[in-house]
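Chemist:
Residue numbers (the numbering used here): -1 to 212.
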């Protein structure tokens, strides 16, 4: 067993300014001496959105650098700043003697990292544990979801922020949100993730509404 630092879900609707809120959380951490941060989003096009939000609160565009600036297997050469990556990049496995993109990030942040990680458009990690019902039976766990969980487990002290306007849709789509305290800890309402999913499955829409509210 190991302990994970609690995280936070930002569930504001479209147009509320979630990007600027995420940028402000990162800036606050940097002001407290945690000079490296990770910003994960849905695709490469959102890099410019992240830079727009960062500069809107007083940052410099050059302080956000895409992971794609370094080849897989190369060390990330960045003393401080925000590393921007996508869920598709995060799930890229190792190839030959080249470590995975996830390993590349861990090597840069360090396993004792306690700065900010923003999972923008966090619903892109939906079905992280599998079990969702599809037309042909239970769905397999998504590669993006598993990569997101692996990142959280390998950096237990990181300050995790989930950002999504559609965070609570179906119970299996919350499996990536291991830091919310819904299951697994002494103060959690459910002992395990499976117990949580089973209870929500039985309770239906009313229970999902309660979870979204809380």
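Each residue gets a CB set at the ideal place from its N, CA and C atoms; glycine is no exception. All of these numbers come straight from a predicted model, not from anything done at the bench.
Between 187, 4, 145, 18, which lies nearest to residue 84 when the distance is taken from Cα to Cα?
Modeler: Residue 84 has its Cα closest to that of 145, out of 187, 4, 145, 18.
Chemist: Use the C-beta contact count for residue 33: other C-beta atoms within 10 angstroms, 16 or more gives buried, fewer gives exposed.
Modeler: Under this definition residue 33 is an exposed residue.
Chemist: Per DSSP, what kind of secondary structure is residue 201 in: helix, strand or coil?
Modeler: It is helical.
Chemist: Suppose the cutoff is 6 Å on Cβ atoms and the five residues either side in sequence are ignored; what does the same chain contact list for residue 124 look like?
Modeler: Excluding sequence neighbours, residue 124 sits near 171.
Chemist: Got a sec, what are the start and stop residues for the beta strand (DSSP E) residue 81 sits in?
Modeler: Note, residue 81: beta strand (DSSP E), 79 to 84.
Chemist: Could you give the C-beta distance for residue 4 and residue 177, rounded to a whole number, given that I count them as a contact under 8 Å?
Modeler: Between residue 177 and residue 4 the Cβ distance is about 6 Å, and since that is below 8 Å, they are a contact.
Chemist: The alpha helix (DSSP H) that contains residue 68, what's its start and end?
Modeler: Note, residue 68: premise wrong, no alpha helix (DSSP H); not H, not E.
Chemist: Just to confirm, is the Cβ distance from residue 88 to residue 107 under 8 Å?
Modeler: Not closer than 8 Å, so no.
Chemist: Beta-carbon separation of residue 62 and residue 18 under 8 Å?
Modeler: No, these two residues do not count as a Cβ contact at 8 Å.
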